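Basically the numbering used here = 1-based index in the sequence shown + 1087.
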Amino acid sequence: MNAKTISAAKANKLFWLGRYAERTYLNLHFLRACYDKMIDGDSDAYNEYCDNLSLDADFNSSSNFVKSFLYDKQNPFSISAELEFANDNAMVLREEITSETLGYIQMSLAHINSLAKSNETHITELQPITDNLLSMWGSIEERVLNDYALAILMAGKMIEQIDIRVRFDYPFDRVELLYERLKTHLRYVPYIYDVEAVEQIDKMLTAKEYSHESFYKNRLLSLLNSIVSTN
1088 MNAKTISAAK ANKLFWLGRY AERTYLNLHF LRACYDKMID GDSDAYNEYC DNLSLDADFN
1148 SSSNFVKSFL YDKQNPFSIS AELEFANDNA MVLREEITSE TLGYIQMSLA HINSLAKSNE
1208 THITELQPIT DNLLSMWGSI EERVLNDYAL AILMAGKMIE QIDIRVRFDY PFDRVELLYE
1268 RLKTHLRYVP YIYDVEAVEQ IDKMLTAKEY SHESFYKNRL LSLLNSIVST N
């Protein structure tokens, strides 16, 4: 096991790089699905998308929604903003993640900025970002040799995967599988997670208790997002 000590500041950057990179990837996936519905005539599909993310926003039209969620850097859920956040974290982690890994994020950021300049609204044009982010994770698994750093990155990734799938009402089996993967990564870094929060989720996240009701989802998401503390 190769596990060099990581400072709290670096651990925080690693965790949020994992979250923002995966958030970008997943939001692109769900935006494509929403975009397809709108193309098929469901002009209000974006309202459901916003509801799932607990966003109280009025875009007035599907075109305004698309532009905001692709390019508006003032919208923290936009692809542009999420890539900026990922890049900000990655820039100070060059030694931990390697320049090759950082390059995939920077290529993605350059691509979204180029599309923003041309006001491109066809989501299919964002496929290179999806490809780059998949390559980024492949690079991380190949090049990040510090097991602690890798575990923190993967914990961020798994928490983001669970979060958005709970929000979009995925079935229990899918969520449980991701949660078990999360716990596998957390075992490598016991000093960054809240054991009590994990124990509470263990009790809530069962086939019997799992629910798509708002109260349950909000409680589960609150616990999930409090598991890791890197401050």
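Every residue, glycine too, gets a C-beta built ideally from N, C-alpha and C. None of these values were measured; they are calculated from a predicted model.
Buried or exposed (CB count within 10 angstroms, at least 16 for buried), residue i
{"i": "K1097", "result": "buried"}
{"i": "Q1161", "result": "exposed"}
{"i": "H1116", "result": "exposed"}
{"i": "L1221", "result": "exposed"}
{"i": "H1198", "result": "buried"}
{"i": "Q1214", "result": "exposed"}
{"i": "T1293", "result": "exposed"}
{"i": "F1156", "result": "buried"}
{"i": "E1182", "result": "exposed"}
{"i": "H1209", "result": "exposed"}
{"i": "T1271", "result": "exposed"}
{"i": "V1282", "result": "exposed"}
{"i": "S1165", "result": "buried"}
{"i": "K1204", "result": "exposed"}
{"i": "S1195", "result": "buried"}
{"i": "T1092", "result": "exposed"}
{"i": "V1179", "result": "exposed"}
{"i": "I1239", "result": "buried"}
Those residues which DSSP pairs with residue i across a bridge
{"i": "Y1280", "result": "V1315"}
Proximity winner among the options, relative to residue i (alpha-carbon distances)
{"i": "S1316", "options": "K1295, N1305, L1292, Y1278", "result": "Y1278"}
{"i": "A1168", "options": "Y1107, D1145, K1124", "result": "Y1107"}
{"i": "S1094", "options": "Y1235, L1265, Q1287, L1113", "result": "Y1235"}
{"i": "G1128", "options": "T1293, R1110, S1150, D1143", "result": "S1150"}
{"i": "L1113", "options": "K1244, E1207, R1261, K1295", "result": "K1244"}
{"i": "L1329", "options": "I1192, S1130, E1296, F1156", "result": "Because the chain spans 1088 through 1318 in this model, residue 1329 falls outside it and cannot be assessed."}
{"i": "F1035", "options": "C1121, K1100, T1092, I1288", "result": "No information on residue 1035 is available, as it lies outside the stretch 1088 to 1318 that the chain covers here."}
{"i": "H1299", "options": "E1212, I1251, Q1287", "result": "I1251"}
{"i": "V1253", "options": "Y1303, M1194, K1154, L1269", "result": "Y1303"}
{"i": "L1140", "options": "D1123, I1314, L1310, S1301", "result": "S1301"}
{"i": "N1200", "options": "S1130, L1237, K1154", "result": "K1154"}
{"i": "F1172", "options": "S1313, L1308, L1307, N1099", "result": "N1099"}
{"i": "N1176", "options": "F1102, L1142, L1118", "result": "F1102"}
{"i": "L1237", "options": "K1295, L1202, L1273, I1249", "result": "L1273"}
Where residue i sits in the DSSP three-state scheme
{"i": "N1206", "result": "coil"}
{"i": "G1128", "result": "coil"}
{"i": "S1141", "result": "coil"}
{"i": "N1219", "result": "helix"}
{"i": "L1101", "result": "helix"}
{"i": "T1111", "result": "helix"}
{"i": "L1292", "result": "coil"}
{"i": "S1165", "result": "coil"}
{"i": "D1256", "result": "coil"}
{"i": "V1179", "result": "coil"}
{"i": "R1274", "result": "coil"}
{"i": "F1302", "result": "helix"}
{"i": "F1117", "result": "helix"}
{"i": "I1093", "result": "coil"}
{"i": "T1188", "result": "helix"}
{"i": "Y1266", "result": "helix"}
{"i": "F1172", "result": "helix"}
{"i": "Y1297", "result": "coil"}
Range of the contiguous alpha helix (DSSP H) that encloses residue i
{"i": "V1153", "result": "1149-1158"}
{"i": "N1233", "result": "Looking at the DSSP string, N1233 is not in any alpha helix (DSSP H), and its letter there is neither H nor E."}
Chain D contact for residue i (CB, 8 Å cutoff)
{"i": "A1203", "result": "Within the model displayed, chain D is absent; a lone protein chain is all it includes."}
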